[in-house]
Structures are given as structure tokens and as C-alpha cells.
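Participant:
Residue numbers (the working numbering), protein chains in the order written: chain W, 1 to 450; chain H, 1 to 450; chain Y, 1 to 450.
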């Protein structure tokens with residue numbers, strides 16, 4: 001899916017766009033079902049009321065219909081036209097309300113008069129509608145008929161998980177949230193790129209195991225972390241993904257420590273990309289890296305975005321629609337992720353087997369590949385790898401210091417290995433067993449295939 | 001005194017301005033007597049001849065009158081008009097001197113023709129007058145009557161000390177020199193701000209003890225350090241203060257190591273001030289930080305100034321007068337000092353008691369304080385404190401990294417403590433006894449109340 | 001030789017310019033013989049076929065004559081006009097060759113139509129000529145008579161070595177390559193400056209021993225390192241020198257670690273020079289620092305240049321001739337080297353013997369040297385040395401932090417030592433025996449005096 005110029009990923013975004021998702025409910029299940037056409041997701045159902053760290057899994061919320069009718073009976077605000085019209089987790093209501101009271105339940109975005117804002121009220125029991133400022137300005141009747149046909153009752157929080165087993169049980173975690181309704185960039189772009197990457201990795205022989213999470217924001221990652229607390233030491237690298245479909249430059253927000261291998265891999269890959277990019281230091285606001293980087297968890301997990309949340313005008317409004325997401329950006333995001341994964345997969349430390357002076361490259365047929373004149377990137381990669389491979393520097397360290405393209409460094413590395421000039425430092429012994437989600441069956445959690 | 005828009009501090013500067021101070025003598029005593037109206041200073045008298053490290057406490061110098069009379073008997077240079085006219089520590093003289101010889105004893109500032117320069121000769125026995133270049137150019141008589149009615153004889157070096165006992169015997173040292181005659185910024189501004197701060201701290205409940213020194217420059221701090229050498233490990237933080245009344249931007253010169261807590265506190269407070277400021281690295285030239293930061297002493301003591309010494313044209317001339325010092329600058333300097341002290345007082349490390357993921361702030365009534373939309377400074381302060389409070393980062397570390405205002409960080413800290421979400425790391429056990437100056441009575445030093 | 005405005009160094013460059021050098025052969029011997037007029041070089045002859053690390057000492061190459069004659073019998077390309085005309089290590093040939101075949105053996109530099117490029121083929125057996133593009137464009141005959149009167153046969157690789165014994169057996173290594181034919185900057189400038197510096201050091205009382213190498217590039221340094229592998233721990237500092245005669249700004253390329261004492265000494269000396277300069281990070285391409293900084297050798301050896309190789313248009317062409325090298329640049333390069341050596345020689349750590357507060361400089365006649373007003377460089381040097389001399393900071397550390405000129409710092413250091421205020425930290429015990437090259441006589445290597 002990643003290889004078709006982004007159109008397959010865009011098609012998935014378009015397919016998922018109409019679904020009304022929230023942090024629980026049928027929209028999440030429908031979304032996971034769609035994804036399971038591409039990757040064999042494990043779907044986890046966690047019952048309402050389960051305590052997860054300082055939080056409690058909430059009641060499940062579902063909605064069938066909602067509207068505001070004016071005195072003529074016309075639906076002037078209609079859930080069927082946009083699921084953003086209802087504040088997520090609104091309590092059910094059906095009655096006639098005077099305009100003054102109604103206005104206390106209406107939300108607009110005065111900065112973007114034509115857009116419907118996106119609002120939630122997960123933990124304060126209330127109801128509300130979102131509409132454009134223009135719509136609000138047109139409401140002059142004394143009273144309106146209001147209906148929200150929703151249910152809020154014990155059920156489950158649902159998330160999807162997919163583990164690709166590599167040669168090692170050490171894991172790379174890739175997490176994306178699935179709790180936003182019809183918002184294309186801030187939700188669906190991350191879902192589509194993660195799915196495409198997961199699909200691609202499933203076909204590969206991998207060093208690391210890769211764990212993909214498709215989870216509701218905040219409560220979803222908290223729930224997952226609580227259920228998997230004892231197994232977190234398997235996670236060696238990770239990143240959250242969101243807002244990866246807009247036309248902006250790629251952005252990587254560093255993990256809490258700022259100097260983890262994943263941080264350096266992203267900095268190198270974006271730096272080699274040739275275009276504009278942003279590196280942001282960690283801050284405790286944003287997506288689920290907030291939870292992964294909380295002080296008691298403290299995983300090396302950053303966040304990959306294009307334009308960061310809150311920095312584009314369409315953020316959390318109906319303007320974040322299918323027109324805001326570009327196939328080419330989805331494709332570029334997927335390629336960047338694959339590049340980072342390739343760096344992680346190959347980032348071993350090596351020891352030069354002929355460390356006294358330079359080896360005579362010609363003896364190994366490594367010199368002929370090179371033209372005369374100035375040293376080519378390839379020859380420089382050979383020289384940098386030989387010079388820095390003292391067991392204390394990884395390939396990423398060397399590539400970053402040399403400032404050379406990854407493919408060139410990798411090609412030179414393979415040649416030097418084949419010539420017997422470099423030998424990998426032994427990786428530490430790996431723990432057995434790769435932690436399949438199925439082993440949770442004694443818990444209150446229900447695990448099924450989507 | 002600090003709270004009245006700076007006018008009370010300015011009044012103190014104006015009161016002290018006419019007094020002829022030097023490194024010893026009646027002017028210093030008169031100055032300390034004036035300060036003791038505001039704070040209960042301990043006055044220490046150290047006898048001439050006492051050896052203090054590589055130095056010796058000098059003879060005491062006093063002066064009643066001095067002038068140069070021309071042939072008509074007119075006082076063309078008159079100590080009563082400006083005490084800068086006499087080189088400090090001038091030997092007594094009364095005789096008629098030819099112009100050529102006299103000129104070898106006259107000092108002017110050719111760069112500022114109308115100003116009287118400030119000169120001293122503490123350790124080379126001589127006499128001299130300072131006058132403006134314009135005055136010198138008008139001297140055409142063959143000979144002049146010269147009189148310096150001074151005495152240089154065994155006596156004492158005098159300084160003032162004031163200890164405010166806090167809950168801990170660990171001390172913050174604030175030192176200012178009191179040896180300059182009628183110079184307003186380079187002497188009196190520091191004295192006035194230190195006095196106002198001492199007065200304010202006397203009314204407060206404090207964690208640290210605060211030791212204020214009002215001492216002659218160089219020989220005074222050397223004497224104090226020699227007499228207190230065995231007790232210096234109580235000093236945890238400190239700074240010298242001088243030139244804090246002019247209209248320039250605030251300046252902090254770092255301590256010898258450059259990364260002490262006091263250095264970081266000043267950098268943070270000035271950085272948060274919103275205006276221009278200067279951070280200067282340590283150099284072994286300047287005020288008494290030279291002694292406090294000598295290699296055998298090596299205390300974490302910086303220097304707070306506005307325009308640094310030597311960088312304003314009025315420096316060490318009669319131009320550094322009452323018109324050069326501004327009440328608003330005095331007030332801003334006192335506020336900056338109080339901010340730094342507030343940072344030090346509150347700069348503990350905390351441990352997040354709910355370190356696994358973010359706590360649900362709503363449960364603690366910490367979420368309601370916050371409006372929607374972008375995260376406010378207050379919510380960001382909550383999140384930063386929770387995220388970084390792993391016991392290894394102090395509040396100052398967190399506030400500096402977050403780039404948030406101190407009052408916001410402190411308010412968030414108090415809320416999180418009250419909610420039980422943060423708990424301070426236990427401070428190390430504190431040594432008993434706070435080192436009152438009175439315990440020195442077996443030494444040759446006389447200690448009295450001013 | 002270094003002191004005569006650079007003209008003596010230039011004369012040596014001019015004398016050596018016509019000689020046809022390569023990595024072996026008579027040209028190298030003739031060059032070393034010329035140098036031995038100035039310094040008593042030890043000449044080492046290493047037999048062809050000796051294995052040195054991953055390399056083998058090559059056959060010895062010599063050449064008497066070479067030309068291309070056109071049909072009229074005119075030498076249109078003539079070795080006697082420029083030894084660059086023959087690809088170094090060309091096999092002997094004497095026959096008539098058609099133009100098409102001949103062209104596969106001709107090398108030009110299309111970017112600089114009038115210049116003859118410099119080419120070598122040490123390890124691929126072939127023959128070839130270098131000529132200007134203009135010359136090539138004028139060749140229209142069907143066939144040409146080609147002659148290279150060379151020999152390639154078992155012999156020796158020759159290098160020169162010169163050890164100046166200092167008080168310590170610890171060594172400073174200064175290495176320059178001697179394998180380029182008529183190229184003035186990229187070869188002869190380094191040879192001339194190294195010779196002048198060696199001559200000057202021979203007359204001095206030195207702390208360190210100084211080892212000068214005049215060696216063929218790459219294979220020469222590899223051979224020397226292989227023969228001296230067991231003794232490399234004596235080398236405490238070092239640098240390669242090349243391209244030090246052109247009009248460009250001085251450049252220092254750091255050693256592999258980047259923070260060795262030699263790196264900091266060069267950074268300080270160039271920074272104090274007052275003019276433009278370049279500091280370059282290590283890279284594994286360049287001159288023999290490639291070998292000295294290989295991971296198994298890893299010596300603190302940088303490279304001193306003016307305009308770096310490959311960054312001037314004349315590089316490796318006949319344009320790098322006597323007109324490209326300036327006496328003033330040679331002189332400045334020699335002076336910079338002497339400054340760096342002076343820093344190394346004097347770079348001890350000291351301990352302030354009066355560390356409690358500043359000593360009273362007047363007591364030691366150290367204050368009188370100073371005028372009034374702002375602190376002079378000399379007084380600042382006194383204060384910096386006193387403040388930072390706690391045994392943990394070397395003189396170079398202090399001079400670098402103070403940003404003061406070396407001569408001033410050294411003068412202040414001598415005054416403080418004489419006054420008993422500073423005492424050097426004891427240097428570590430030094431190993432006996434200075435490793436004279438003569439002790440290699442049991443090896444296949446022949447050591448003679450030139």
C-alpha cells in the first residue's frame with residue numbers, strides 16, 4: 001500500500017473518513033475492522049470500570065442520530081451531514097430548548113467562521129453541538145427542538161494491536177490514535193501510514209519485532225501501558241505518528257531524554273532528506289508520547305508529524321478534511337518511517353578487523369568502484385566506516401558524523417563486511433518469547449480477531 | 001523600603017552620598033550607623049596590623065579638610081565641595097608647593113574634562129588631589145598653598161554584617177562594598193538595595209539563612225574570609241552587588257564554575273524578565289567575587305550589576321552622582337534579587353507520586369482551572385512538573401527547560417503538592433548552629449552593635 | 001632558516017622543485033640528501049616486498065627519460081620539460097602507437113586547459129602521460145613514437161627521520177610527505193617548513209623530544225607505523241604538515257578525537273593570530289593523518305595546512321609551481337608551528353601557593369608593572385593564572401579561557417613562578433631511552449646517514 005504513490009493510503013483515509021469515532025464505541029470497532037483487511041489486527045476489548053493507573057476505563061458511548069430543528073421543522077444542524085456537529089460523549093437529550101439556554105450548549109470557532117470545531121467532553125457529563133459561526137449567526141427562533149440519540153453505558157474500550165515478530169523479541173513500538181471522528185490529517189493520516197508500514201514490514205525479514213498500536217488517545221495508551229506494564233522493557237525504540245498527511249515539512253519531536261537512538265535516527269533521516277524539516281525538543285504536551293514519556297514509563301518514544309497539532313488553521317475543525325491530506329505527503333511520510341526503520345534494523349556497532357592504518361582497499365576490489373578526482377560519497381563511506389568502527393560507534397553514529405546518505409553507507413558497510421574488514425559487535429543476548437497479546441486471557445480483557 | 005517605587009532606596013543613597021568613605025575610618029562607621037536604622041547590623045572592628053591571608057589590615061585613615069589655595073588665598077580645589085578631590089589614603093601635608101612639583105600630585109580625567117576622577121593610594125604612601133582637566137588648565141600661579149588635614153595611624157578596619165536566621169543554617173551570602181566616597185552607583189546603589197532586601201527578608205519565614213556583608217572592597221572581603229575561613233562551608237549560594245542603580249539592563253556575572261545553582265537562578269530570572277539583560281562569564285577582575293572565587297575559597301558567588309564597572313563613562317568620576325541613579329532601577333534591581341531568592345528558597349527536587357502516565361488532573365480539581373484551546377502556561381507548568389519530577393530535576397531545572405514564568409510554576413507546584421501528586425525529595429540533614437558573629441569574641445576583633 | 005623572512009625556505013623549495021620524486025626511487029634519496037645539509041637526517045631504506053600491516057612495500061621505480069614524438073620526430077610531450085608529464089610508476093615502454101590507443105593512456109585536466117595534471121598508478125601496472133588539454137587538442141597525427149625509460153624492480157622505499165632529544169622521551173611527531181614530483185605547495189612547502197623548524201629546535205633546550213618524518217605519503221607512514229608499532233606510546237602530540245606555502249589562511253584539521261591537547265593548542269594559536277583561520281573537524285580523507293588516526297593507531301595527530309588540498313585550483317596540477325608559493329606564507333607557517341610547540345613545551349598545570357583570596361601583588365613587585373585605569377593584558381594574565389591554577393587546569397586551558405596572547409601569559413607565568421606564587425604540578429615520571437632509529441638494525445631495514 002505504501003508503494004503506490006500514496007493513493008492507496010489516501011483511499012483508506014477516504015474510506016474511514018465518514019465513520020464517527022470516539023474513545024469508545026462502534027466507530028472504533030468499524031475502523032479496526034477496515035484495517036484488518038490489510039493487517040491481521042488483534043482487537044482488544046477492555047471493560048468499562050477497569051482501573052488503569054490513575055484513570056478508569058469509561059462507559060462506552062454510541063450515537064445514532066442528532067439534530068437541531070428550527071420552528072419550521074428543518075434540521076439546521078444535522079449529525080448526518082457531519083459527525084463533528086455533536087460534542088463527543090454528549091448525553092442523550094430530546095426536548096425543546098429556548099435559544100438562550102441552547103446557546104450555552106453551542107460551540108463555534110470564531111476565528112474560522114465557516115468551520116465546525118471539534119469538541120469533546122469525556123469526563124464532564126453534558127451535551128452540546130458544534131457548528132459554524134455563520135450557522136449560529138443565522139439562529140433567530142425563540143426555541144429549537146434538540147435531539148441527541150446517544151447511549152452512554154457500561155461496555156468496552158476497544159483498541160487494535162499488531163505484532164510482527166522479528167528475530168529478536170526486542171520491540172519497536174509504533175502508535176497512532178484512532179479516536180477522532182471525521183478529521184483526516186489528525187487521525188486518519190497516521191492510521192493509514194501505520195497500516196501501510198505494518199503491511200510492508202509483514203513481508204520482511206526483520207531484526208526487531210514491531211508492535212503497532214491503533215488506540216484511543218490518552219485513555220487508550222494509558223490502558224495499554226497499564227495492561228502491559230510488566231513487559232515494557234522489551235520496547236527499545238518507538239514513536240507516535242499523527243498529522244502525517246498535510247503538505248507541511250516533516251517534523252520529529254524528540255523523546256523525553258532527547259538523545260535516544262530513535263531520536264538520532266529521525267534526526268539523521270530527516271537531515272538527509274534534502275528538504276526542510278523540523279526537530280522539536282520534548283514537551284509534555286501533544287499526543288500519546290505524553291504517556292509513553294511519563295516519568296514512571298520513560299520509554300524512548302518520540303512523535304512523527306508533518307505540521308504539528310495546533311500549528312495549522314484547520315486543526316480540530318471540519319477544515320481538516322479529505323482535501324487537506326495529500327497522497328504525496330502520505331507517501332513521503334511512509335518512506336521516512338521505512339528509512340528510520342531501516343536505520344534501526346542495521347544500526348549495529350562494528351569492529352574494523354584491519355585497524356592498523358587503512359587496509360589496502362584495492363586488494364578487496366573496493367577501490368576500483370571509485371572514479372578518480374575527489375573522493376566519492378561511496379569511498380568516503382568506506383573510509384568513515386573503517387575509521388570509526390572501533391566497537392564504540394554504531395553505523396548511525398558514523399553516518400551522522402560523516403553526513404553521508406544512508407544507502408551509500410549501507411552499501412559500503414555490506415562491501416566491508418563481505419570483504420571481512422568489518423565484523424559486528426555481538427548483540428546482547430535476547431530474551432525469549434515475544435509477548436503475544438493472546439497471553440492476557442486471564443485478565444478481564446477480551447481479545448479477538450477483528 | 002523595597003516596595004515604594006524605589007524612592008526610599010534613593011533617599012538612602014542621597015543620605016549617604018556626602019559621606020567621605022574609604023577602606024577604613026569614620027566615614028565607614030557613619031555609613032553603617034545610618035544603615036542600622038533599617039537593619040540591626042553587627043559592626044566588626046578589626047585592628048590595624050592583623051594578618052589576613054597574604055594581606056595586613058592597614059592603618060586607619062581619616063580626613064577633616066583639604067584644599068589647594070592660589071596666591072590670592074582662594075580655595076581653588078576644596079575637599080568640602082567634593083571629597084573626590086583628595087586621593088584616598090593621602091598622607092597629611094601643609095606647605096607651599098611650586099606648580100611643577102604640585103602637578104606630579106594632581107590627577108585628571110582628560111577624557112571627561114569637566115569630571116573629577118576617583119583615585120586611591122592605599123598601599124603606596126603619597127598624597128594627591130583629583131580635579132577636572134578644566135580646573136587644571138586654569139592653574140597658572142607659580143606656587144600654591146596645599147593642605148591635607150588627614151591622619152593615618154593604627155586603628156581599625158570596620159565592616160557591617162547581618163545574619164537573618166532561616167530554618168536551615170545553610171547560608172546565602174549577599175555582599176556589597178562600602179569603601180567609595182561620593183560615588184552613587186558604584187557603591188551606594190548596592191548598599192541601598194542590599195539594605196532594602198535585608199529589611200524585607202527579616203519579615204519573612206525563610207528556608208536559608210541570609211548573611212549580608214557591608215564591607216570595604218578587597219581588603220574587607222579578604223579580612224572577612226580570613227576570620228570566617230573555617231565556616232565557609234555553610235555558604236551554599238551568594239552574589240556580590242554593585243552598580244545596580246543606573247539605567248542600564250541588568251547584568252549577572254557568573255561564578256567561577258559558571259554552572260552553580262546561583263548562576264542558573266540568575267540566568268532564569270533575567271531570562272524571564274522580558275527585557276534586555278546580560279550574562280557574563282566569570283573573569284578574575286571586578287568586585288569582591290574575585291576573592292570569593294579565588295581557588296582556595298571557590299564559593300558559588302557571582303555578581304549582580306546593571307551596567308558593569310568601566311562600561312559607563314561616569315565610572316569612577318564625579319559624574320557618578322545622584323543624577324546618575326534612578327529610583328526605578330533601584331526598585332527593579334531589588335525585585336530581581338527577591339525573585340532570585342524566591343527561586344533559591346523553593347528550588348527543591350520533587351518526585352511525582354503518580355509517575356505512570358499522566359494523573360487524571362480532573363480528579364484533583366486541577367483541570368478546571370484551565371480554559372480550552374491551546375494549553376495555558378498554568379497547565380503546561382502542571383505537565384512539566386509532573387513529567388520532570390523524577391527526583392533528579394529541581395524546580396529551577398524544570399522552569400528553565402519549560403521556559404515558563406516563575407509565579408506560574410510556583411502556583412502549579414503548590415497545587416500539585418496540595419493534591420499529593422508531588423512530594424519533595426528530603427533535603428540533606430543540616431548542620432546545627434548558625435554561626436552568629438558574636439562567637440568571635442576571643443579574637444582581636446571587636447564586635448559591637450552599630 | 002625560519003627567521004629570514006621565508007626566503008631561505010623558499011630557496012629550499014626552489015632547489016627541490018625540479019627533482020622527480022615518487023613513493024620510491026632516486027628522487028626521494030636526492031631530496032633527503034639536500035635536507036641533510038640542514039639537519040642530520042637518518043635515512044631508512046626498507047626493502048621491496050616487506051609486509052607492513054595490510055600493505056606490501058612496492059617495487060622501486062626510477063625514470064631517466066620519457067617523451068611522445070610526432071611524425072616529424074619532435075618531442076611534443078617531454079619529461080625533461082616537466083616530470084608531471086609521466087604518470088608516476090609508469091611501466092617502461094618504447095614503441096609506435098596509434099592515436100586512438102595512445103589516447104587511452106593520456107590524462108588531461110579539462111577544467112584547467114593549460115595545466116598538466118598530476119597522476120599516479122602505484123598499484124595498477126600501466127603507463128601513461130599527462131598533458132594539457134591544449135596539447136591534446138593539437139595532436140592530429142595518425143601515430144606517435146612513445147618512450148618511457150623507467151625501471152620497476154626490487155629495491156627500497158626510502159624515508160628520512162630526525163629525532164631531537166628533549167629532557168623527556170615523550171615525543172612530538174611532525175610528519176610531511178616527500179613523494180610528489182614538481183609540485184611546490186603540496187609537498188615542498190611542508191618539507192621546507194619542517195626542515196626549518198627542525199633546524200631551529202635543534203638549537204633549543206626542549207622538554208619534549210621531537211621526531212620529524214620525511215616520508216612517502218600513505219605507504220611511507222604505514223611502513224613507519226608498522227616498523228615502530230611497539231613504540232607509539234611515546235608520541236604524545238603530533239601533526240602532519242602540507243600545503244603551507246600558499247596565500248590562504250592557516251587551517252588546522254583536528255585529530256580523530258578532536259579534543260586532544262594538540263587540537264586545543266592549534267585552535268588557541270590560530271585564534272590568537274589575529275587573522276582569518278579555519279578549524280576543520282577530522283575526516284578520514286586527506287594526508288597521512290589518515291594512517292596516524294586509524295582506529296588501531298589512534299594517535300593525537302592533526303594536520304596543518306593553509307588552503308586545504310582540493311580547495312585551490314592549482315591542486316595536483318602544474319599550476320602548483322614556484323609562483324604559487326610565497327616566502328611570507330612559509331614564514332608565517334613556520335612561526336605558527338613554533339608557537340604551537342612553545343605552547344606544548346610550556347603547557348603544565350600549576351598550583352597557586354597562596355590560594356586563599358588574591359595575593360597582594362604589590363608585595364612581589366608584580367603590581368608596579370601595571371599602569372592605572374583598565375586592567376592591562378599582563379595584569380589580567382596574572383589574575384587568570386592565579387585564579388585557575390588549582391592543579392586541574394593547564395596553562396593552555398587558562399590562556400584559552402582568558403583569550404589572552406601567549407607571550408603575555410607566559411611572561412606572567414614566569415613572574416608568578418619567580419615570586420613563588422605558582423608551582424608546577426609534578427609531571428609523571430618519564431620512561432628512559434629515547435628510541436633512536438639505530439636500534440632497528442636487526443630488521444631487514446637499512447639505516448644510514450644521508
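Cβ atoms here follow ideal geometry from the backbone N, Cα and C, with glycine treated the same way.
What span of residues does the alpha helix (DSSP H) with residue 346(W) cover, start to end?
Facilitator: The sequence position of residue 346(W) within the first chain is 346, counting from 1. Residues 327-346.
Participant: Counting beta carbon pairs with one atom in the segment 199-214 of chain H and one in the segment 336-347 of chain H, are three or more of them shorter than 8 Å?
Facilitator: yes
Participant: Note down, in chain order, all residues in the segment 344-360 of chain W with a beta-carbon under 8 Å from any beta-carbon belonging to chain Y.
Facilitator: 352, 354, 355, 356, 357, 358, 359, 360
Participant: What in chain H is Cβ-close to residue 389(Y), meaning under 8 Å?
Facilitator: On the third chain, residue 389(Y) is found 389 positions in, with the first residue counted as 1. Residues of chain H with a Cβ closer than 8 Å to the Cβ of residue 389(Y) are, in chain order, 295.
Participant: Nearest-angstrom Cα distance between residue 276(W) and residue 82(Y)?
Facilitator: Taking the first chain and counting its residues from 1, one reaches residue 276(W) at position 276. Taking the third chain and counting its residues from 1, one reaches residue 82(Y) at position 82. In a straight line, the C-alpha of residue 276(W) is about 50 Å away from that of residue 82(Y).
Participant: Under 8 Å by Cβ, that's how I've got residue 515(W) and residue 160(W) pegged, so tell me the actual separation to the nearest angstrom.
Facilitator: Lying outside 1 to 450, the shown extent of chain W, residue 515(W) is not represented and no answer is given.
Participant: Distance check for residue 152(H) and residue 78(H), CA to CA, integer angstroms please.
Facilitator: On the second chain, position 78 is the one that residue 78(H) refers to. On the second chain, position 152 is the one that residue 152(H) refers to. Distance between the alpha carbons of residue 78(H) and residue 152(H) is about 20 Å.
Participant: Are any of the Cβ atoms in chain Y nearer than 9 Å to that of residue 31(W)?
Facilitator: Position 31 of the first chain, counted from the first residue, corresponds to residue 31(W). No, residue 31(W) lies away from the interface with chain Y (no Cβ there is under 9 Å from its Cβ).
Participant: Tell me which residues share the same chain as residue 254(H) and place their Cβ nearer than 6 Å to its Cβ, disregarding the 5 neighbours each side in the sequence.
Facilitator: For this step, residue 254(H) is matched to residue 254 along the second chain. Correct list, in chain order: 263, 281, 282, 302.
Participant: When Cβ atoms are compared, which residues of the segment 46-80 of chain H fall closer than 9 Å to chain Y?
Facilitator: For the segment 46-80 of chain H, which is checked against every Cβ of chain Y, the residues closer than 9 Å are 52, 53, 54, 55, 56.
Participant: Take the Cβ of residue 125(Y) as the centre, count every other Cβ of all protein chains shown within 10 Å, and call the residue buried at 16 or more, exposed below.
Facilitator: As a position in the third chain, residue 125(Y) is number 125, starting the count at 1. Its Cβ having fewer than 16 others within 10 Å, residue 125(Y) is exposed.
Participant: Run through chain H and tell me which residues come within less than 7 Å of residue 383(Y), C-beta to C-beta.
Facilitator: As a position in the third chain, residue 383(Y) is number 383, starting the count at 1. Correct list: 284, 285.
Participant: Which chain H residues sit within Cβ distance under 7 Å of residue 380(Y)?
Facilitator: Start at 1 with the first residue of the third chain, and residue 380(Y) comes out as number 380. Proximity of chain H to residue 380(Y) at the Cβ level (cut-off 7 Å) is accounted for by 285, in chain order.
Participant: Residues of the segment 114-130 of chain H in Cβ contact with chain C at a cutoff of 9 Å, in chain order, please.
Facilitator: The chain inventory of the structure shown lacks chain C, comprising the protein chains W, H and Y.
Participant: If you drop the 5 nearest sequence neighbours on each side, which residues of the same chain put their C-beta closer than 6 Å to that of residue 76(W)?
Facilitator: By one-based count along the first chain, residue 76(W) stands at place 76. Beyond the five residues adjoining it in sequence on each side, residue 76(W) comes within less than 6 Å, by CB distance, of 68, 70 in the same chain, given in chain order.
Participant: When the Cα atoms are used, what is the spatial distance from residue 14(Y) to residue 315(H)?
Facilitator: In the third chain, residue 14(Y) corresponds to position 14, counting from 1. In the second chain, residue 315(H) corresponds to position 315, counting from 1. If you take the alpha carbons of residue 14(Y) and residue 315(H), they lie about 59 Å apart.
Participant: Along the chain, where does the beta strand (DSSP E) containing residue 215(Y) start, and where does it finish?
Facilitator: The count along the third chain starts at 1 and reaches residue 215(Y) at position 215. Counted as a single uninterrupted DSSP element, the beta strand (DSSP E) harbouring residue 215(Y) occupies residues 209-215.
Participant: Considering only residues of the same chain and omitting the five flanking positions on each side of residue 21(W), which have a CB-CB separation below 7 Å?
Facilitator: Position 21 of the first chain holds residue 21(W). Within the same chain, Cβ atoms closer than 7 Å to the Cβ of residue 21(W) are found at 27, 28, 31, 178, 179, 180, 181, the five residues on either side in sequence being excluded.
Participant: Of all the options 122(W), 240(W), 117(W), 176(W), which has the alpha carbon lying nearest to the alpha carbon of residue 130(W)?
Facilitator: In the first chain, counting from the first residue as 1, residue 130(W) sits at position 130. Selected option, being the one with the closest Cα: 117(W).
Participant: Using 9 Å as the threshold, is the C-beta distance between residue 358(Y) and residue 385(Y) below it?
Facilitator: For this step, residue 358(Y) is matched to residue 358 along the third chain. For this step, residue 385(Y) is matched to residue 385 along the third chain. Taking 9 Å as the Cβ cut-off, residue 358(Y) and residue 385(Y) do not qualify as a contacting pair.
Participant: Closest by CA to residue 317(W), which one among 184(W), 198(W), 6(W), 296(W)?
Facilitator: For the purposes of this step, residue 317(W) is identified with residue 317 of the first chain, where counting begins at 1. Of the listed residues, the one whose Cα sits closest to residue 317(W) is 184(W).
Participant: Using only the alpha-carbon positions, how far apart do residue 287(Y) and residue 190(H) sit?
Facilitator: If you number the third chain from 1, residue 287(Y) lands on position 287. If you number the second chain from 1, residue 190(H) lands on position 190. So the two alpha carbons sit approximately 59 Å from each other.
Participant: With a threshold of 9 Å between beta carbons, is residue 257(H) in contact with chain W?
Facilitator: The residue labelled residue 257(H) in the question sits at position 257 within the second chain. It does not: the Cβ of residue 257(H) has no partner Cβ on chain W nearer than 9 Å.
Participant: Can you check which of these residues, 298(Y), 299(Y), 320(Y), is closest to residue 307(Y) by C-alpha distance?
Facilitator: As a first step, residue 307(Y) must be located in the third chain, where it is residue number 307. When only C-alpha atoms are compared, the closest one is 320(Y).
Participant: Is residue 241(W) helix, strand or coil when you go by DSSP?
Facilitator: Here residue 241(W) is taken as the residue at index 241 of the first chain, counted from 1. Three-state result, residue 241(W): strand.
Participant: Let me know the secondary structure DSSP gives residue 393(Y) once reduced to three states.
Facilitator: Numbered from 1 along the third chain, position 393 holds the residue referred to as residue 393(Y). Residue 393(Y): strand per DSSP, three-state reduction.
Participant: Among the candidates 222(H), 157(H), 201(H), whose CA atom is the shortest distance from the CA of residue 165(H)?
Facilitator: Position 165 of the second chain holds residue 165(H). With distances taken between Cα atoms, residue 165(H) lies closest to 201(H).
Participant: At least one CB of chain H closer than 9 Å to the CB of residue 291(W): is that the case?
Facilitator: Residue numbering aside, residue 291(W) sits at position 291 when the first chain is read from its first letter. Chain H, which has a Cβ nearer than 9 Å to the Cβ of residue 291(W), makes this yes.
Participant: Does any residue of chain W bring its CB to less than 9 Å from the CB of residue 454(Y)?
Facilitator: Chain Y is shown only over 1 to 450; residue 454(Y) falls outside these bounds and no answer can be derived.
Participant: Any beta carbon of chain W sitting closer than 9 Å to that of residue 218(Y)?
Facilitator: Indexing the third chain from 1 puts residue 218(Y) at position 218. Yes, because at least one Cβ of chain W sits closer than 9 Å to the Cβ of residue 218(Y).
Participant: For residue 138(W), write down the residues that DSSP places opposite it in a beta bridge.
Facilitator: In the first chain, counting from the first residue as 1, residue 138(W) sits at position 138. None; residue 138(W) has no bridge partner.
Participant: Starting from residue 69(H), trace the beta strand (DSSP E) in both directions and tell me its first and last residue.
Facilitator: Residue numbering aside, residue 69(H) sits at position 69 when the second chain is read from its first letter. Its beta strand (DSSP E) spans residues 60-69.
Participant: Only counting runs of 3 or more residues, tell me where the beta strand (DSSP E) segments fall wholly within the segment 75-108 of chain H, in order along the chain.
Facilitator: 75-78, 93-98
Participant: So is residue 413(H) in contact with chain W if we call contact Cβ pairs under 9 Å?
Facilitator: Indexing the second chain from 1 puts residue 413(H) at position 413. By this cut-off, residue 413(H) is not an interface position.
Participant: Among 119(Y), 85(Y), 234(Y), 23(Y), whose alpha-carbon lies nearest the alpha-carbon of residue 298(Y)?
Facilitator: Along the third chain, one-based indexing puts residue 298(Y) at 298. It is 234(Y).
Participant: Taking the beta strand (DSSP E) that residue 149(H) falls in, what are its first and last residues?
Facilitator: Reading the second chain from its first residue, position 149 is the one you call residue 149(H). Where residue 149(H) is concerned, the enclosing beta strand (DSSP E) stretches over 143-153.
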